[in-house]
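Encoded as structure tokens, the structure appears first; notes follow it.
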Amino acid sequence: MESVNDYLRENNIKPSFQRIKILEYLLGTKAHPTVDTIYKALVSEIPTLSKTTVYNTLNLFVQNNITTIVTIEEKEARYDADTSIHGHFKCENCGKVYDFPLDISSLTADKLDGFVIKHQHVYYRGFCKECIK
Ligand SMILES: [Zn+2]
Ligand SMILES: [Zn+2]
Numbered sequence: 029m030e031s032v033n034d035y036l037r038e039n040n041i042k043p044s045f046q047r048i049k050i051l052e053y054l055l056g057t058k059a060h061p062t063v064d065t066i067y068k069a070l071v072s073e074i075p076t077l078s079k080t081t082v083y084n085t086l087n088l089f090v091q092n093n094i095t096t097i098v099t100i101e102e103k104e105a106r107y108d109a110d111t112s113i114h115g116h117f118k119c120e121n122c123g124k125v126y127d128f129p130l131d132i133s134s135l136t137a138d139k140l141d142g143f144v145i146k147h148q149h150v151y152y153r154g155f156c157k158e159c160i161k
């Protein structure tokens with residue numbers, strides 16, 4: 029992949045140090061972190077970081093379509109730098125969010141003929157394999 033710096037520029041985002049760090053972190057994880065998780069992971073490296081900055085930066089990424097918000101639960105927004113279409117499964121025991129491949133073309137929405145669909149999300153909830161063991 030091209031550098032994070034270029035990736036931000038191509039998506040009309042000015043690459044500041046904090047933005048680069050936040051995006052690098054997000055690209056490097058499959059854990060779908062929350063604002064809190066990202067803040068805690070980066071604050072030792074960037075002491076000037078605030079939760080508001082993390083939140084605003086993520087919002088900017090979402091607006092420019094390089095990040096998706098995963099809201100399996102209303103009160104907990106998680107972020108995903110993988111913007112390809114895939115499903116999310118949240119384990120109600122350990123709280124982990126798993127990705128799974130999804131063939132969105134097999135989901136038909138005939139009744140929405142003529143509508144413009146901007147976001148497609150598929151969420152599952154239950155217990156993951158690890159927790160069932
Ligand atoms: Zn689990
Ligand atoms: Zn995901």
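My numbering numbers the first residue of the sequence shown as 29 and each following residue consecutively. Think of the CB as a built atom: it goes at the ideal place given N, C-alpha and C, for glycine as much as any other residue. Note that the structure is predicted; figures quoted are calculated from it, not measured.
Would L36 be called buried (16 or more neighbouring beta carbons within 10 Å of its own) or exposed? One-based indexing of the sequence shown puts residue 36 at position 8. By the 10 Å Cβ count, L36 comes out buried.
Quick check for students: name the residue ranges of the beta strand (DSSP E) that lie wholly in the segment 75-106, counting only runs of 3 or more. With a minimum length of 3 residues, the continuous beta strand (DSSP E) runs that stay inside the segment 75-106 are 96-101.
Examine ligand 1 and report whether any of its heavy atoms sits within less than 8 Å of the Cβ of F128. For the purposes of this step, residue 128 is identified with residue 100 of the sequence shown, where counting begins at 1. False, no ligand heavy atom lies under 8 Å from that Cβ.
Please report how far the alpha carbon of L130 lies from the alpha carbon of L70, in whole angstroms. To locate residue 130, count along the sequence shown from 1; it is residue 102. To locate residue 70, count along the sequence shown from 1; it is residue 42. Here the alpha carbon of L130 sits roughly 32 Å from the alpha carbon of L70.
Give me every residue whose Cβ sits closer than 7 Å to any heavy atom of ligand 1, in chain order. Cβ-based neighbours of ligand 1 within the cut-off: C119, N121, C122, K124, F155, C156, E158 and C159.
Once you ignore the five residues that flank Y151 on each side, which residues in its own chain have a CB closer than 6 Å to its CB? Numbered from its first residue, the sequence shown carries residue 151 at position 123. Cβ within range, chain order: I100 and H116.
Sequence-distant residues of its chain with Cβ nearer than 8 Å to E104 (five each side left out): Counting from 1 along the sequence shown, the entry for residue 104 is found at position 76. Result list for E104: T62, in chain order.
Rounded to whole angstroms, what is the Cα-Cα separation between S72 and N39? Counting from one through the sequence shown, the residue named residue 72 turns up at place 44. Counting from one through the sequence shown, the residue named residue 39 turns up at place 11. Whole-angstrom Cα-Cα distance: 28 Å.
Out of T85, I113 and P75, point me to the one whose CA is closest to P43's CA. The count along the sequence shown starts at 1 and reaches residue 43 at position 15. Looking from the CA of P43, the closest CA among T85, I113 and P75 belongs to T85.
Alpha-carbon spacing of G123 relative to N87, whole angstroms: Here residue 123 corresponds to residue number 95 of the sequence shown, with the count starting at 1. Here residue 87 corresponds to residue number 59 of the sequence shown, with the count starting at 1. Each residue's Cα considered, the two are about 23 Å apart.
Any idea what DSSP makes of F128, helix, strand or coil? For the purposes of this step, residue 128 is taken as the residue at position 100 of the sequence shown. The answer is strand: DSSP assigns F128 an E or B state.
Please determine whether the Cβ atom of V32 lies at a distance below 8 Å from any heavy atom of ligand 2. To locate residue 32, count along the sequence shown from 1; it is residue 4. Flag unset: Cβ of V32 not near ligand 2.
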